[in-house]
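Undergrad: When we follow my numbering, the leftmost residue of the sequence shown carries the number 6, and every step to the right adds one.
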Amino acid sequence: MVEVLDTLKEIQTIEFGNEKRAKLVAGPPFPESEDRLLLKHVKSLPSPNSVTDKWRTCPIQANDRNDSTCPKSFACGNLTDLSFPFSLSPQSDCGLMTMSGCDAKPFPRIRLLPEGDWYYALEKHNSSVWLGDPKLDTTLRQHKCQAFNKNFSLPSSPSISFNMINLNKFFKCNSTRNNTLHIIQKKNDHFSGYNMYNGCEGFSIYYKLSQDDDEHIGAVPTNCSLIRLPIHSSDGDLFNLLGPEILVEWKLSDDCNKCHYDGGQCRIDKTNKFYCRKKRKFSSSHLLSTKKLSDNFNHDVEGGSIYFGVPVFSYSELEEATNDFNSSRELGDGGYGTVYYGKLKDGREVAVKRLHEHNCKRMQQFVNEIEILTRLRHNNLVTLYGCTSRRGRELLLVYDYIPNGTLADHLHGDKAKDRSLAWPIRMNIAIETAGALAYLHVSDVIHCDVKTNNILLDHNFSVKVADFGISRLFPNDVSHISTAPRGTPGYIDPKYHECYQLTSKSDVYSFGVVLVELISSMPAVDMNRQSQEINLANFAINKIVKCAFHELIDPSLGLDSDTKIWGMTTSVAELAFLCLQTDRDIRPTMVEVLDTLKEIQTIEFGNEKRAKLVAGPPFPESEDRLLLKHVKSLPSPNSVTDKWRTCPSITNTK
Numbered sequence: 006m007v008e009v010l011d012t013l014k015e016i017q018t019i020e021f022g023n024e025k026r027a028k029l030v031a032g033p034p035f036p037e038s039e040d041r042l043l044l045k046h047v048k049s050l051p052s053p054n055s056v057t058d059k060w061r062t063c064p065i066q067a068n069d070r071n072d073s074t075c076p077k078s079f080a081c082g083n084l085t086d087l088s089f090p091f092s093l094s095p096q097s098d099c100g101l102m103t104m105s106g107c108d109a110k111p112f113p114r115i116r117l118l119p120e121g122d123w124y125y126a127l128e129k130h131n132s133s134v135w136l137g138d139p140k141l142d143t144t145l146r147q148h149k150c151q152a153f154n155k156n157f158s159l160p161s162s163p164s165i166s167f168n169m170i171n172l173n174k175f176f177k178c179n180s181t182r183n184n185t186l187h188i189i190q191k192k193n194d195h196f197s198g199y200n201m202y203n204g205c206e207g208f209s210i211y212y213k214l215s216q217d218d219d220e221h222i223g224a225v226p227t228n229c230s231l232i233r234l235p236i237h238s239s240d241g242d243l244f245n246l247l248g249p250e251i252l253v254e255w256k257l258s259d260d261c262n263k264c265h266y267d268g269g270q271c272r273i274d275k276t277n278k279f280y281c282r283k284k285r286k287f288s289s290s291h292l293l294s295t296k297k298l299s300d301n302f303n304h305d306v307e308g309g310s311i312y313f314g315v316p317v318f319s320y321s322e323l324e325e326a327t328n329d330f331n332s333s334r335e336l337g338d339g340g341y342g343t344v345y346y347g348k349l350k351d352g353r354e355v356a357v358k359r360l361h362e363h364n365c366k367r368m369q370q371f372v373n374e375i376e377i378l379t380r381l382r383h384n385n386l387v388t389l390y391g392c393t394s395r396r397g398r399e400l401l402l403v404y405d406y407i408p409n410g411t412l413a414d415h416l417h418g419d420k421a422k423d424r425s426l427a428w429p430i431r432m433n434i435a436i437e438t439a440g441a442l443a444y445l446h447v448s449d450v451i452h453c454d455v456k457t458n459n460i461l462l463d464h465n466f467s468v469k470v471a472d473f474g475i476s477r478l479f480p481n482d483v484s485h486i487s488t489a490p491r492g493t494p495g496y497i498d499p500k501y502h503e504c505y506q507l508t509s510k511s512d513v514y515s516f517g518v519v520l521v522e523l524i525s526s527m528p529a530v531d532m533n534r535q536s537q538e539i540n541l542a543n544f545a546i547n548k549i550v551k552c553a554f555h556e557l558i559d560p561s562l563g564l565d566s567d568t569k570i571w572g573m574t575t576s577v578a579e580l581a582f583l584c585l586q587t588d589r590d591i592r593p594t595m596v597e598v599l600d601t602l603k604e605i606q607t608i609e610f611g612n613e614k615r616a617k618l619v620a621g622p623p624f625p626e627s628e629d630r631l632l633l634k635h636v637k638s639l640p641s642p643n644s645v646t647d648k649w650r651t652c653p654s655i656t657n658t659k
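(1) Could you round the C-beta distance between Asn179 and Phe208 to whole angstroms and report it? I think they count as a contact, below 8 Å.
(2) Note the first and the last residue of the continuous beta strand (DSSP E) segment covering Tyr212.
(3) With a threshold of 8 Å, are at least 3 pairs of Cβ atoms found where one atom belongs to the segment 247–263 and the other to the segment 156–169?
(4) Can you have a look at Lys275 and say buried or exposed, based on whether 16 or more other CB atoms are within 10 angstroms of its CB?
(5) Give me the DSSP bridge partner(s) of Met432.
(6) Can you check whether the C-beta of Cys552 is within less than 7 Å of a C-beta belonging to chain C?
(7) Per DSSP, what kind of secondary structure is Phe176 in: helix, strand or coil?
(8) When we look at the beta-carbon of Met6 and count the other beta-carbons within 10 Å, is it buried (16 or more) or exposed?
(9) Look at the Cβ atom of Leu84, then the Cβ atom of Leu247, and state whether they are nearer than 7 Å.
(10) Keeping to the same chain, check which residues put their C-beta closer than 7 Å to that of Ile570; ignore five residues upstream and five downstream.
(11) How big is the Cα-Cα spacing for Met532 and Pro499?
(12) Between Leu234 and Phe175, is the Cβ-Cβ spacing less than 7 Å?
(13) How many whole angstroms separate the CB atoms of Lys350 and Ile407, which I take to be in contact at a CB cut-off of 8 Å?
(14) Quick one: residues in its chain with C-beta nearer than 7 Å to the C-beta of Ala441, no 5 flanking neighbours on either side, listed in chain order?
(15) Less than 7 Å between the C-beta atoms of Ser94 and Ser78, yes or no?
(16) Compare the Cα-Cα distances from Glu250 to each of Lys192, Tyr345 and Thr143 and report the closest residue.
(17) For Val455, which residues of its own chain have a beta-carbon under 7 Å away from its beta-carbon, when the five flanking residues on both sides are left out?
(18) Count the other C-beta atoms from every protein chain shown that fall within 10 angstroms of the C-beta of Ile16, then say buried if there are 16 or more, exposed otherwise.
(19) Pick from Arg272, Pro119 and Gly397: whose alpha carbon is nearest that of Leu360?
(20) Measuring alpha carbon to alpha carbon, tell me which of Tyr341, Leu381, Ser576 and Gly352 ends up nearest Gln370.
(21) Helix, strand or coil for Ile16? Go by DSSP, reduced to three states.
(22) With DSSP collapsed to three states, give me the class of Ile497.
(23) Out of curiosity, what's the CA-to-CA distance linking Lys662 and Asp338?
(24) Quick one: using the 10 Å Cβ neighbour count with 16 as the cut-off for buried, is Pro113 buried or exposed?
(25) Since Phe516 sits in a beta bridge, which residues does DSSP pair it with?
(26) Which value, in whole angstroms, describes the spacing of the CA atoms of Tyr505 and Asp138?
(27) How should Ala2 be labelled, buried or exposed, when 16 other C-beta atoms within 10 angstroms of its C-beta is the threshold for buried?
(28) Could you compute how far the alpha carbon of Val725 sits from the alpha carbon of Pro494?
(29) Starting from Gln270, follow the beta strand (DSSP E) in both directions and report where the run begins and ends.
(30) With Ile232 as the anchor, note down where its beta strand (DSSP E) starts and where it stops.
Here it is, written out as structure tokens:
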């Protein structure tokens with residue numbers, strides 16, 4: 006800074022001649038070729054126009070996902086921004102749910118599957134749609150008992166599954182001469198606590214308004230059958246309780262997700278088996294603005310209601326479940342909230358996240374996490390049980406309780422001394438985590454905070470990926486999302502600091518750090534390591550480039566005594582090396598990472614496949630050697646809370 010000050014003074018006095026300017030531009034003496042290379046490849050940092058403005062983003066080429074036949078998005082009647090899995094009836098091959106009659110009144114029509122029933126398409130959300138049944142509407146308005154001849158069932162397909170949210174269980178019991186006193190008594194005992202409607206000739210209806218989906222029905226009495234109908238209100242007679250509107254959630258199968266992500270079309274053969282027809286590519290749904298997300302919550306109340314299939318808890322209910330948020334119940338504390346152990350009145354064990362009052366973005370994160378988790382279903386993602394009202398005294402999120410702590414606890418935390426994570430368990434954890442992230446990416450979600458503290462483990466060491474507060478929805482027909490800084494030091498994509506842009510490859514980088522933690526048992530950031538190796542990513546890259554695997558891999562894994570473990574751990578290290586590349590184009594996708602991990606696990610990972618993995622994309626030999634020789638070190642913070650250096654450093658190799 007002294008030199009900067011002196012130079013500025015010289016400039017001001019206009020005594021700054023050509024000779025001094027040339028000296029300034031030249032900088033320290035470099036060999037000519039290296040100096041030119043440095044100046045040629047300097048990357049400018051984006052600057053905001055003002056402190057509050059969004060940051061300018063680096064130019065990136067858009068993905069070439071054009072298809073001349075299938076539209077990326079379209080409108081139909083009152084519904085806009087429709088895309089896969091929707092399609093228009095003349096182009097039914099472009100999707101799974103067909104829209105028709107877009108100019109029809111009062112609403113366009115929709116069919117969930119080929120040969121299925123047609124419904125009115127009333128309103129669409131992210132992964133759900135409100136349907137209207139015109140025939141049921143007519144019978145309910147006229148109080149006709151034919152309404153109870155209707156029984157909504159879920160269509161089945163290997164490509165997509167459906168869940169009808171607001172259906173209620175009803176039991177239709179025929180009144181016949183064969184109903185003996187014994188049968189009548191048995192029926193009355195079975196439906197004890199139920200409401201009864203006997204206004205229809207020939208049968209009676211038994212029902213409860215408050216039902217648990219998992220409630221055991223038992224053997225249905227003789228002459229009775231179970232039907233499911235949508236609930237419209239909570240008071241009045243039975244016909245006023247019912248309504249013609251059904252809220253349907255959909256979820257693509259893993260096979261269809263992968264097929265669509267790869268640019269194919271989900272198809273079913275004559276035997277009802279799935280296959281992927283790789284011919285056309287589709288775009289996903291457009292990003293939803295924060296306003297749209299917030300608008301979805303305009304009708305919640307303080308406890309007792311259901312939105313998108315997620316119950317709304319009262320604050321007092323969760324206060325009681327956590328023993329008044331007792332500090333002894335605390336499971337963890339992060340930058341955005343504290344998580345407590347709780348037990349609901351129905352006996353369910355839960356984890357309750359209490360968002361910090363001082364977090365200025367807590368409402369956005371609250372809505373964001375609900376919006377994302379309600380549209381996702383995966384065995385290795387944490388389950389959202391519910392939330393409090395956004396108008397309540399505090400913002401609380403309720404998840405299933407995962408009892409065995411975090412992966413970080415077991416690798417280098419309080420549980421590490423138990424040495425419970427043998428290599429086969431770690432390999433399974435890597436595969437399950439990769440599977441969850443691959444599912445997120447094909448579902449148009451970037452996690453943004455992949456780290457071992459957000460990977461929860463149950464008693465069987467099965468993975469549950471958690472914490473979606475800063476995750477982002479993104480359409481896969483765009484190349485990136487621009488956003489303010491987010492993430493955790495040690496895991497953040499170094500490219501993110503140059504452009505403040507997120508892509509799915511940002512998660513791949515973070516997962517590369519997780520892979521290194523799995524093989525090394527070291528934390529992502531350790532201030533006790535040498536300055537250039539504070540970041541585990543730097544440390545790992547340096548060791549892998551030198552093939553010094555013994556200095557990286559945890560010796561307690563048994564690599565010296567088991568050649569298979571040695572082969573698998575070194576292969577995982579090489580995969581992590583690709584994930585940690587500064588150039589995003591070199592990094593594999595999460596689907597490719599998942600496939601590679603599965604190959605490694607099968608021990609059919611021979612020399613040919615390992616060589617292919619290490620080589621990565623085909624480069625000319627000299628360029629490939631240059632990649633390994635001049636790996637750029639990632640910037641390291643002097644402390645976990647310090648700002649990160651954003652300029653790329655150049656490592657000279659002798």
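Beta carbons: idealized from backbone N, C-alpha and C, even for Gly. No experiment lies behind these values; they were computed from the predicted model shown.
TA: In short:
(1) In the sequence shown, counting from the first residue as 1, residue 179 sits at position 174. In the sequence shown, counting from the first residue as 1, residue 208 sits at position 203. The Cβ separation is near 5 Å, so the contact holds.
(2) For the purposes of this step, residue 212 is identified with residue 207 of the sequence shown, where counting begins at 1. In the DSSP annotation of this structure, the continuous segment of the beta strand (DSSP E) that includes Tyr212 starts and ends at Phe208 to Tyr212.
(3) Proximity of the segment 247–263 to the segment 156–169 meets the contact definition, three or more beta-carbon pairs being nearer than 8 Å.
(4) For this step, residue 275 is matched to residue 270 along the sequence shown. Lys275 should be labelled exposed.
(5) For the purposes of this step, residue 432 is taken as residue 427 along the sequence shown, with counting starting at 1. Note: Met432 sits in no beta bridge, so no partner.
(6) No chain C appears in the structure shown, which is made up of a single protein chain.
(7) Counting from 1 along the sequence shown, the entry for residue 176 is found at position 171. Residue state, collapsed to three classes: strand.
(8) As a working note, residue 6 is residue 1 in the sequence shown. The residue is exposed, with fewer than 16 neighbouring Cβ atoms inside 10 Å.
(9) Locating residue 84 in the sequence shown gives position 79, counting from the first residue. Locating residue 247 in the sequence shown gives position 242, counting from the first residue. Contact: no.
(10) The residue given as residue 570 occupies position 565 in the sequence shown. Trp428, Leu562, Gly563 and Leu564.
(11) Indexing the sequence shown from 1 puts residue 532 at position 527. Indexing the sequence shown from 1 puts residue 499 at position 494. Taking the straight line from one Cα to the other gives about 19 Å.
(12) To locate residue 234, count along the sequence shown from 1; it is residue 229. To locate residue 175, count along the sequence shown from 1; it is residue 170. Result yes, Cβ atoms of Leu234 and Phe175 sit closer than 7 Å.
(13) Within the sequence shown, numbered from 1, the residue matching residue 350 stands at position 345. Within the sequence shown, numbered from 1, the residue matching residue 407 stands at position 402. At roughly 21 Å, the Cβ-Cβ gap does not stay under 8 Å, so Lys350 and Ile407 are not in contact.
(14) The residue labelled residue 441 in the question sits at position 436 within the sequence shown. If we look at Ala441 and ignore the five residues flanking it on each side, its Cβ neighbours are His383, Asn385, Leu386, Val468 and Val470.
(15) The residue labelled residue 94 in the question sits at position 89 within the sequence shown. The residue labelled residue 78 in the question sits at position 73 within the sequence shown. With contacts defined as CB atoms closer than 7 Å, Ser94 and Ser78 fail to qualify as a contacting pair.
(16) Counted from its first residue, the sequence shown places residue 250 at position 245. Restricting attention to Lys192, Tyr345 and Thr143, the CA atom closest to the CA of Glu250 is found in Thr143.
(17) Here the question's residue 455 lines up with position 450 in the sequence shown. For Val455, where only same-chain residues beyond five positions count, the Cβ hits under 7 Å are Leu442, Tyr496, Asp512, Ser515, Phe516 and Val519.
(18) For the purposes of this step, residue 16 is taken as the residue at position 11 of the sequence shown. Sixteen is the threshold: since fewer than 16 other Cβ atoms of the shown chains lie within 10 Å of the Cβ of Ile16, the residue is exposed.
(19) Numbered from its first residue, the sequence shown carries residue 360 at position 355. The shortest C-alpha to C-alpha distance from Leu360 to any of Arg272, Pro119 and Gly397 is the one to Gly397.
(20) Numbered from its first residue, the sequence shown carries residue 370 at position 365. Put simply, of Tyr341, Leu381, Ser576 and Gly352 the residue whose alpha carbon is nearest the alpha carbon of Gln370 is Tyr341.
(21) Position 11 of the sequence shown, counting from 1, holds the residue named residue 16. Ile16 falls in the helix class under three-state DSSP.
(22) On the sequence shown, residue 497 is found 492 positions in, with the first residue counted as 1. Looking at Ile497 - three-state DSSP - the assignment turns out to be coil, as it is neither helix nor strand.
(23) Because the chain in this structure spans residues 6 to 659, residue 662 falls outside the shown range and cannot be described.
(24) In the sequence shown, the residue the question calls residue 113 occupies position 108. Around the CB of Pro113, 16 or more other CB atoms lie within 10 Å, so the residue is classed as buried.
(25) Here residue 516 refers to the residue found at position 511 when the sequence shown is read from its first residue. DSSP lists no bridge partner for Phe516.
(26) In the sequence shown, residue 505 corresponds to position 500, counting from 1. In the sequence shown, residue 138 corresponds to position 133, counting from 1. Between Tyr505 and Asp138, the C-alpha separation is close to 47 Å.
(27) No statement about residue 2 is possible, as the shown extent of the chain runs from 6 to 659 and does not include it.
(28) Summary: the structure shown does not reach residue 725, with the chain confined to residues 6 through 659, and so no result is reported for it.
(29) Residue mapping note: residue 270 aligns to position 265 of the sequence shown, counting from 1. Where Gln270 is concerned, the enclosing beta strand (DSSP E) stretches over Gln270 to Ile273.
(30) By 1-based counting over the sequence shown, the position of residue 232 is 227. Taken as a continuous stretch (DSSP letters only), the beta strand (DSSP E) holding Ile232 covers Cys229 to Pro235.
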